[in-house]
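Chains as they are written, first to last, in my numbering: chain A, 1 to 679; chain B, 1 to 240.
To start, the structure itself, in structure tokens.
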Amino acid sequence: MTIRNVRDHGQRYRPRMACLKKMEALVVEMQDPKSGVKSQTQRLVITTIPHAITGEDIVAWVANRFNIDAREAQSIGTLMVAFGYVYPLQDHKRLIIKADTSLYRFQTPYFWPAQQWPAEDTDYAIYLAKRNIRKKGVLELHEQEHYNNLHKWMNHKWDFIVMQAKEQYRAGKERKKPDRVVFDCQERAYWVVHRPPPGTISAIDYGLDRLTDPSADEVKKKKTMDYYRRIVIFTQQCIMRSRVKSSVSLGAIVKYITTCKNHDPFLATCLPSNPWLTDDTTYWELNMPNVEIPTKMRVERWTFGFRELLSDPRGRADFRLFLKKEFSGENLAFWETCEDLKWGAAATMKEKAQQIYKTFLAPGAPRWINIDGKTMDITVKGLVHPHRYVLDAAQTHIYMLMKKDSFGRYMKSTVFKETQKKAISPEEHRFSDAQLEQNAKKRKPNLSPIVLRQWEEEEKARLAASGPMDITQLCKFTAPVPHLAVYTGICEAQLSHGRERLPPSPSFPALPNSAACPSPISVAIDSTPASERKFEGQGGSAAAQFPSIAEVPLEPRVSASARAPDDPQPASQKSRVALSLGRFLRRGCGNASVLASLSPKCHSAMGGRVQPLSREPISQPQPKRIANFFQIKVDIPPECRIYPIDSEDEENECTSGVRGTVKEIICPWESITKQDQAG
Amino acid sequence: MNRWRRSVGELQARRRPLLECQRAQAAFIKVTACLQLQATCLGSNSDCSRLREELGETRALAHSLCTGLQKRLTTLLTQGELPQEERAEAERLWVLFLSGLEIFQQDLQKVILLQELFPLKQPRDRLSLVNTGGSGDGIGVTGRVTMSQMPWPKTQDQDPCPDLSTQISQLEAMAQEMLRKVNVPFWSVEATQEAWADSVDTEQDDEPVEEMSVENVAAGPQRLGGCCHYPGCRVLCLLN
């Protein structure tokens, strides 16, 4: 017995299937002895059975009836078979119609699909038990599995099932032989339709169950005052909605269609062939997520928009490669981790959010991304009580950044051009009918999702391992000197290399590692603060660049302009900035080179993170340089960290004891005890 | 109660209601199986008024079995103290009866729908019957139906068999009432039959349909026990 009276508001009604009624009417029409389909007799070894019809007769009749061409008639015929109104006598597992002499027969109305009643599991169990009783070992693999499952879940009525199966079997034996054969065929056909073997498409598949019963009559609502009031509110809300001109929305649709129409498998041919039609899986193999060489169509899709590029794993990998070359992969990494947070398990969410903050957003983070102050504010505030969408604003910002900037450059880059050149365009298959049959017989089940999932995980792990440039790791001198409290020391040696050497930024974990492709504006604006900061450092507080690991939230980057970043800082630091600026101006030197180093071109050359050679030499003078590394880490624009490799004073670089870089990054919501400490 | 005090007769008397119920349950299953076979012919070319009459008779028999069984089982389980095994047996019967009731109800719903869809009032209605290959000679299960008898005297509280739609709603009401009156957790019932039941008879004159249908075809390879040719498939199928 099944549980009745479920009072919840779950969805349990099958949706309206209007096609069934139409199909039934058609089948009844086909029975007419004069105008219906001609029938033949099927000859079997032991008996003959009437009322067999050939596929070509069916197709011809349908084509005639509706005045359509043969191909469409064939698809209607296939639908009839797929729904179970007609079943094939040979090759009973393939529910299609073949327009040749293969035989079919009509299904008895008892076994027609009904919208109101799904095929019950109990009946299926009885059917399987019956077949097993009749002859052992005749159940197929998937049927055996179902059988075992049903035995487990319906254990309480198992006796009933077996007894009923036996009774039905015995009752069936009372019938005459041909009738028995017919009945067995009918029953088998019914279950092929309603419990299809794995790997086949079922026409009965209708998606989700509905909340209301579509077959129930609609209750006539009494038109009370309340009813009219609701209608009024509803229409008022309709009016209040914002409207778009149809020319605009239609224009968007037209644009979409023109761009994508060659990529739609319904409207254009798939190369090499559509696996659903020809049962040949080359197309899927060529388009696997981590295939080495993508197809030309796939690559073309990437050009449609940034979203297409990101959503295709191969495209994303290509993009990642490009960003790696540009040393701005942290944006993509951040975006991906945000996605992971959004879609991941709830249990680990808090830790993930914290981890993300520590890795990407905190001042002094190893893979710092460059987002504007307002967003950073919102994010940090949200992180006090993290939830799934807490990083949404930052993620959107970074997404837009990548879209407006990196994407364009990716499209023009050599990476992409290489990929485009290497992309393959397979030849179209041209299968003959016999080959199609062969293919159908050789159908294999798909890769198990478990296996696919494992691959995905491995891929992720590989990426994570190979990954990300943690600037702290890159620099040799990352001997974190935590707790470097206030160092008032002035870093002397620094001075010589004032200019470019800018902050040995790279070695600096905290340096904002924003995209190596900052927008020109930010470059310009940031250059100033950068230089200042640099000088701050130079002038003895090499620390300027050292992101202070303090709890101070990052200042707004851009506009902030030179001054802004300082505002949130305590007054003491303001002076420092002013001081450094003064020094800068005094220095005068290398301004040009400084700024030059800050120019975009250099960026691409350098890329924020890797500071290969420059680092080497520096080591000793560390401690001295430390200076006030605890100070605020203003958003150090990427330029800061980028310095041309050819700079002569490389050696002396890095000095900035920036080493002092603290490794630990404290999240602002943690105890704000160590205001002045590094960590 | 002291066992030794009971006489054999007493014991038998005690067990009679339970035995009756078991027999009735077996008969009920038999009758519903026959009903289903008859229902499969509705709307096909072997449909005729005689079939529908026979269907009606089967239905009536099922109805009386049903009502009788329901009364007896309910009384057994609500009153009377039963020893442990008997109680378990009664509960098992209860669950089996309810399952049978569901199937019976489903079949009746289909019957009513099909009888509406394919009325046989006029001769030309026969034109719309679906040609399914049946022989049109009747089912032959009527013998079986009459074979199964009610284990209790016939005249006892016999209500006339109601018509179809009433019967369906009656069944529904019956099921609800049963669920309300007796509280039997159906998961506590365990199967006494094994999963892969043995063949009923030893006679194997029944070729399975699979082999028969290969008849007219350029025979494709027989593929028993595997759903496809792919050798590794078995493993994956099990995984799926």
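Backbone N, C-alpha and C fix where the C-beta goes; we use that ideal spot for every residue, glycine too.
These numbers were taken from a predicted model, which means no experiment stands behind them.
Buried or exposed (CB count within 10 angstroms, at least 16 for buried), residue i
i	result
Ala268(A)	exposed
His9(A)	exposed
Lys352(A)	buried
Ala542(A)	Bear in mind that the predicted position of Ala542(A) carries a pLDDT of just 38, short of 50, making it unreliable; the figure below should be weighed with that in mind. That one is buried.
Thr375(A)	buried
Ile201(A)	exposed
Ile126(A)	buried
Phe416(A)	buried
Asn67(A)	exposed
Trp158(A)	buried
Met225(A)	exposed
Asn64(A)	exposed
His151(A)	buried
Leu35(B)	buried
Lys110(B)	buried
Met147(B)	exposed
Asp280(A)	buried
Tyr256(A)	exposed
Ile369(A)	buried
Residue i - partner residues in DSSP beta bridges
i	result
Pro88(A)	Tyr104(A)
Arg50(B)	DSSP lists no partner for Arg50(B).
Ser44(B)	Val130(B)
Arg43(A)	Thr48(A)
Arg210(A)	Tyr13(A)
Thr54(A)	Leu103(A)
Thr295(A)	Ile424(A)
Backbone CA spacing between residue i and residue j [nearest angstrom]
i	j	result
Asn446(A)	Asn149(A)	22 Å
Ile96(A)	Val130(B)	20 Å
Arg188(A)	Arg144(B)	24 Å
Ala423(A)	Thr337(A)	29 Å
Arg14(B)	His146(A)	41 Å
Ala82(A)	Pro113(A)	11 Å
Leu286(A)	Met240(A)	49 Å
Phe234(A)	Tyr228(A)	10 Å
Arg105(A)	Lys245(A)	54 Å
Thr278(A)	Ala18(A)	29 Å
Thr303(A)	Leu271(A)	19 Å
Pro294(A)	Leu101(B)	59 Å
Thr419(A)	Ile76(A)	43 Å
Ser49(B)	Leu120(B)	7 Å
Ile53(A)	Lys98(A)	12 Å
Lys173(A)	His156(A)	28 Å
Arg430(A)	Asp100(A)	21 Å
Glu172(B)	Met178(B)	10 Å
Val558(A)	Val384(A)	Unreliable placement is indicated for Val558(A), whose pLDDT of 38 sits below 50; the coordinate value is still reported in the next sentence. For Val558(A) and Val384(A), the distance between alpha carbons rounds to 25 Å.
Tyr357(A)	Tyr389(A)	13 Å
Arg131(A)	Val192(A)	14 Å
Whole-angstrom C-beta distance between residue j and residue i, which should lie under 8 Å
i	j	result
Arg134(A)	Tyr169(A)	6 Å
Ala62(B)	Thr32(B)	6 Å
Gln38(B)	Glu54(B)	6 Å
Leu69(B)	Phe28(B)	6 Å
Thr379(A)	Leu361(A)	6 Å
Leu73(B)	Ala90(B)	7 Å
Cβ pair residue i, residue j closer than 7 Å
i	j	result
Gln395(A)	Trp335(A)	yes
Gln115(A)	Arg210(A)	no
Leu77(B)	Val189(B)	no
Val759(A)	Ala129(A)	With chain A covering only 1 through 679, there is no way to say anything about residue 759(A).
Tyr85(A)	Val27(A)	yes
Leu89(A)	Leu103(A)	yes
Ala186(A)	Phe306(A)	Rather than Ala, the amino acid found at residue 186(A) in this sequence is Gln. Cβ atoms of Gln186(A) and Phe306(A): not closer than 7 Å.
Pro386(A)	Lys350(A)	yes
Glu86(B)	Leu18(B)	yes
Tyr410(A)	Phe319(A)	yes
Pro289(A)	Tyr283(A)	no
Gly43(B)	Leu114(B)	yes
Arg16(A)	Pro214(A)	yes
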